[in-house]
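S.K.:
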Amino acid sequence: MAGMRRVHAVNYVRTMAVTTVAFLAPLRFLELGFGGVGIGLIVALFAAAPIVFSFPTGWMNDRLSMKKVILGGLLTMSLAIVAVGYLRGVAPMAAAFLLLGVANSAINVSINSLYYKDGTEPDSNRKYGRFIGWLSLGPPTGLVLGSVLTRVAGFRSLLWAMAALTALAALAAGGFGEERFASVSARDYRFSVFNKRTLLFSAFLVLLALHWGTELTVYGPFLRSRFGLSDSGVALYMAGAYLALSIAAFLVSRLKDDPVRDRRLFLFGMALSGLGLVLMTVGDIRLSFLFRFIHEGGDGLMGAFVVLTISRLFEKRTIGGSAGILTALQTSGHMAGSMAFAWLGFRAGLHVPMIVAGLILLANTAFGLIAVPREAR
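When we follow my numbering, the leftmost residue of the sequence shown carries the number 8, and every step to the right adds one.
(1) If you pair each beta-carbon of the stretch 254-261 with each one of the stretch 127-147, do three or more pairs fall below 8 Å?
(2) Thinking C-alpha only, which one of D306, L31 and V259 is nearest R231?
(3) Tell me the DSSP secondary structure of L223 in three-state form.
(4) Distance check for T127 and F360, CA to CA, integer angstroms please.
(5) Who are the Cβ neighbours of A170 in its own chain at under 6 Å, not counting the five residues just before and after it?
(6) Could you tell me the distance, in whole angstroms, from the CA atom of L366 to the CA atom of T26?
(7) I need the DSSP call for F36, collapsed to helix, strand or coil.
(8) Give me the Cα-Cα distance between D264 and V379, rounded to the nearest whole angstrom.
(9) Hey, how far is the Cα of A364 from the Cα of T221?
(10) Nearest-angstrom Cα distance between L297 and F53?
(11) Going by alpha carbons, who is nearest to T334 out of V116, A349 and V155?
(12) Kindly indicate which residue of G43, V289 and M23 has the alpha-carbon position closest to the one of L144.
(13) Is there contact between the stretch 343-362 and the stretch 205-220, where contact requires at least three CB pairs shorter than 8 Å?
(14) Out of curiosity, what's the CA-to-CA distance linking A110 and L81?
(15) Looking at the structure shown, is F188 part of a helix, part of a strand, or coil, going by DSSP?
(16) Compare the beta carbon distance of M11 and D125 with 8 Å and say whether it is the shorter of the two.
(17) Does DSSP classify R381 as helix, strand or coil?
(18) Using the three-state DSSP reduction, which class does M245 fall into: helix, strand or coil?
(19) Any chance the stretch 269-286 sits against the stretch 370-379, with 3 or more Cβ pairs inside 8 Å?
(20) Do L286 and F312 have their beta-carbon atoms positioned less than 8 Å apart in this structure?
(21) So G214 and G340 are in contact, right, with Cβ under 8 Å, and what is the actual spacing, rounded?
(22) Hey, G5 and V241: beta-carbon distance below 8 Å or not?
(23) Just to confirm the assignment, what range does the alpha helix (DSSP H) spanning P146 have?
(24) Which runs of the alpha helix (DSSP H) at least 4 residues long sit entirely within the stretch 321-377? Give them in chain order.
(25) Judging by CA-CA distance, which residue of S295, L357, H15 and L152 is the nearest neighbour of Y122?
(26) Report the option in G356, A355, A343 and V20 whose CA atom is closest to the CA atom of L178.
(27) Quick one, are the C-beta atoms of S131 and S329 less than 8 Å apart?
(28) Span of the alpha helix (DSSP H) holding D265?
(29) Thinking just about the alpha-carbon of each residue, which of G92, A174, L107 and L142 is nearest to the one in V161?
Put into structure tokens, the structure is as follows:
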């Protein structure tokens, strides 16, 4: 199997680029005169890509080499990021974000398949905590860089920098081996996914993903309107809070394997995430940042335990396609949240989607008592 350090390097750069562009782009959209519906459509198309491409990519990864898929995804992502800086209409911008979503999805599913199937690390908590930890370090790094570049050189220069780093990440992916896995029938996937245990967890993931729709639509504009932050100030707020996500994931990697305790921490993380999202709407920026930090810490626990639960839910031979199906279902929640919360935020107030999404997370915590599996397959 390819070196896991290369996996972490590619994920670090990939999430740095895509999160920085996606989080700060709504500020650019407002400057271009896009309304709430237009912004929601752009983000929804970005989110929709995995619904169509997650399972096909995972299906291929159970049979074919993943190296070319990852390399092609990185180069396509680089081109899409550059295009965002030169497009001015809603339709072409939506097309660019759809392409960005397709490329990101292809890389994400391929990297996940590679990592799920690797057996060099026997401790699941250590393995998946590190995975989410490194993945989550990219966004705060990119947002800090974004705060500097947008202030000194402008948004377009930030896009060129993110595109260049993404293209350079292809050098690390070039060191991946030509891993191929045994053929898996569609019937195997059907039995793996379409059972009560997995379907309940899938519904739980869809509800979890709804709150992501606030982050790429109303999060940046909310910070600007509520606290009067500049583009660089918005980026620094986001970066500082996002560090909690990575810290929480790395803490998971320090815990010994214990499915019962892990399940409790998973649901505790969801409760923290929901509470923090509701309370970050307060008028004091220091309290808002504190509660956003708590929200991201909860998201870090959830992120680590989502992949950890998936690793325990499926057999290795079907996990590529099966995890792809779950990713597609989860992304449907992201897409629905993007459309609904963008419309709601620009109609009822930018703070309203945060409160609604947080309350949904708190309700989902209770649903998780029956939806999150209690033991491994």
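Each residue gets a CB set at the ideal place from its N, CA and C atoms; glycine is no exception. Quick caveat: nothing in here was measured; it's all calculated off a predicted structure.
M.R.: A quick look at the data gives this:
(1) Yes, the stretch 254-261 is in contact with the stretch 127-147.
(2) For the residues D306, L31 and V259, the minimum Cα distance to R231 belongs to L31.
(3) If DSSP states are grouped into helix, strand and coil, L223 belongs with coil.
(4) In the sequence as displayed, the identity of residue 360 is Pro instead of Phe. Distance between the alpha carbons of P360 and T127 is about 42 Å.
(5) Excluding residues within five positions, the ones whose Cβ falls inside 6 Å are S85, I88 and V89.
(6) Distance between the alpha carbons of L366 and T26 is about 24 Å.
(7) In the structure shown, F36 sits in a helix (DSSP, three-state: H, G or I).
(8) Taking the straight line joining both Cα atoms gives about 17 Å.
(9) For A364 and T221, the distance between alpha carbons rounds to 8 Å.
(10) Separation of L297 and F53 (C-alpha to C-alpha, rounded to the nearest whole angstrom) is 29 Å.
(11) Comparing alpha carbon positions, the residue from V116, A349 and V155 closest to T334 is V116.
(12) Nearest option by C-alpha distance: M23.
(13) Touching, yes.
(14) Straight-line spacing of the CA atoms in A110 and L81 works out to 7 Å.
(15) Interpretation of F188 is limited by its pLDDT of 48, a score under 50 that renders its predicted location unreliable; no figure is taken from the coordinates.
(16) Going by C-beta atoms, M11 is nearer than 8 Å to D125.
(17) Note: R381 maps to coil in three-state DSSP.
(18) The answer is helix: DSSP assigns M245 an H, G or I state.
(19) With the cut-off at 8 Å, the stretch 269-286 and the stretch 370-379 touch.
(20) It is not a contact, given that the beta carbons lie outside the stated cut-off.
(21) The amino acid at residue 214 is misidentified as Gly; the sequence shows Leu. 6 Å between Cβ atoms; contact.
(22) Here the chain covers residues 8 to 384 and nothing more, so residue 5 does not appear.
(23) Note, P146: alpha helix (DSSP H), S131 to V159.
(24) With a minimum length of 4 residues, the continuous alpha helix (DSSP H) runs that stay inside the stretch 321-377 are 326-355.
(25) Checking every option, the nearest Cα to that of Y122 belongs to H15.
(26) Nearest option by C-alpha distance: V20.
(27) S329 sits away from S131, with the two beta carbons spaced by 8 Å or more.
(28) Per DSSP, D265 lies in no alpha helix (DSSP H) and is assigned neither H nor E.
(29) In the sequence under discussion, the amino acid at residue 161 is Gly, which differs from the Val named in the question. Closest option to G161, Cα to Cα, is G92.
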